[in-house]
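**Q** Quick one: this structure, given as structure tokens, is what I'll be asking you about.
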Amino acid sequence: MRRFFPVLFMVAALAGVRGAIAESATALDRKPEARKIWEVSVETAQTLGADNSSDNYFSTQFVSLAVEPFRPLVLGPVRLRGQLINSFVASAILEGPDQYFLGWAPQIRVIAPLADTRWSLYGTFGAGMGTAQANQNATDDGGLGQDFNFLLMANAGLRYAITESWSVWAGGMWLHLSSAGQSEPQKQNIGADSFGAVIGTGWAF
58 MRRFFPVLFM VAALAGVRGA IAESATALDR KPEARKIWEV SVETAQTLGA
108 DNSSDNYFST QFVSLAVEPF RPLVLGPVRL RGQLINSFVA SAILEGPDQY
158 FLGWAPQIRV IAPLADTRWS LYGTFGAGMG TAQANQNATD DGGLGQDFNF
208 LLMANAGLRY AITESWSVWA GGMWLHLSSA GQSEPQKQNI GADSFGAVIG
258 TGWAF
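In terms of our numbering, the sequence shown opens at residue 58 and continues consecutively.
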């Protein structure tokens with residue numbers, strides 16, 4: 058029987074090597090799951106003017122394309138995600154001498170999981186600045202100072218991931234619209250500040 062031990066040992070060794078090679082080949086065939094770094098989204102914000110002389114109700118719509126250029130920042134159990142967002146903005150001014158503004162505003166948004174990440178619930182904070190074109194008139198009616206204005210915004214809220222691709226969110230928003238003094242002295246620069254709620258949905262790919 059002893060003469061068969063070397064043969065059995067060689068057979069077992071060859072089987073082990075073959076299994077390791079097969080497992081390595083399988084591992085090479087498995088590609089890592091692609092990270093979804095792009096997201097298209099639509100949002101609607103209803104905001105009321107604060108300390109404005111006339112324009113005091115804004116219904117603002119956002120169509121955005123976001124990208125996550127960097128991998129999540131891992132701080133212990135927390136994985137912070139960051140989005141760079143290009144937003145096209147259209148707003149109806151429902152109360153006041155001005156009627157609408159159209160604009161573009163790049164934004165930065167931070168997404169952080171709340172408590173256990175298995176909940177698919179996240180906290181979000183975003184801010185941005187861009188430009189907007191309004192339809193103001195030249196009379197001193199308490200409205201915007203000129204057609205061309207600067208747009209500032211900030212928002213915070215909660216985001217829920219329904220699937221790996223589809224998410225919804227809701228929160229609060231601040232909007233500021235003004236000409237930064239460019240309309241003066243011809244017309245007083247009256248900045249329009251408004252606060253309210255925003256809801257949105259996005260699809261990642």
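The beta-carbon is built from N, C-alpha and C at its ideal position, and this holds for glycine as well.
None of these values were measured; they are calculated from a predicted model.
Buried or exposed for tyrosine 179, going by 16 or more other Cβ atoms inside 10 Å?
**A** Here residue 179 corresponds to residue number 122 of the sequence shown, with the count starting at 1. It is buried - the Cβ of tyrosine 179 has at least 16 other Cβ atoms within 10 Å.
**Q** Beta carbon of threonine 104, beta carbon of phenylalanine 115: below 7 Å?
**A** Residue mapping note: residue 104 aligns to position 47 of the sequence shown, counting from 1. Residue mapping note: residue 115 aligns to position 58 of the sequence shown, counting from 1. Cβ atoms of threonine 104 and phenylalanine 115: closer than 7 Å.
**Q** Taking only runs of the beta strand (DSSP E) that begin and end inside the region 101–127, which ones reach a length of at least 3 residues, in chain order?
**A** Here the runs fully enclosed are 114–124.
**Q** Candidates Ser177, Ala191 and Gln239: which alpha carbon is nearest valine 135's?
**A** Taking the sequence shown and counting its residues from 1, the one referred to as residue 135 is at position 78. Here the closest residue by C-alpha is Ser177.
**Q** What is the rounded straight-line gap between the Cα of glycine 202 and the Cα of tryptophan 95?
**A** Position 145 of the sequence shown, counted from the start, is the residue given in the question as residue 202. Position 38 of the sequence shown, counted from the start, is the residue given in the question as residue 95. C-alpha separation (whole angstroms): 37 Å.
**Q** Can the beta-carbon of asparagine 206 be found closer than 7 Å to that of glycine 183?
**A** If you number the sequence shown from 1, residue 206 lands on position 149. If you number the sequence shown from 1, residue 183 lands on position 126. Contact: no.
**Q** Would you mind reading off the limits of the beta strand (DSSP E) that contains asparagine 143?
**A** In the sequence shown, residue 143 corresponds to position 86, counting from 1. Its beta strand (DSSP E) spans residues 135–152.
**Q** Smallest Cα separation from phenylalanine 252: which of Val97, Ser98, Asp112 and Ala91?
**A** Translated into the one-based positions of the sequence shown, residue 252 becomes position 195. Selected option, being the one with the closest Cα: Asp112.
**Q** Could you pull the DSSP bridge partners for proline 170 from this structure?
**A** In the sequence shown, the residue the question calls residue 170 occupies position 113. In the DSSP output, where bridge partners are listed per residue, proline 170 has Tyr179.
**Q** So what's phenylalanine 158 in DSSP terms, helix, strand or just coil?
**A** Position 101 of the sequence shown, counted from the start, is the residue given in the question as residue 158. Three-state result, phenylalanine 158: strand.
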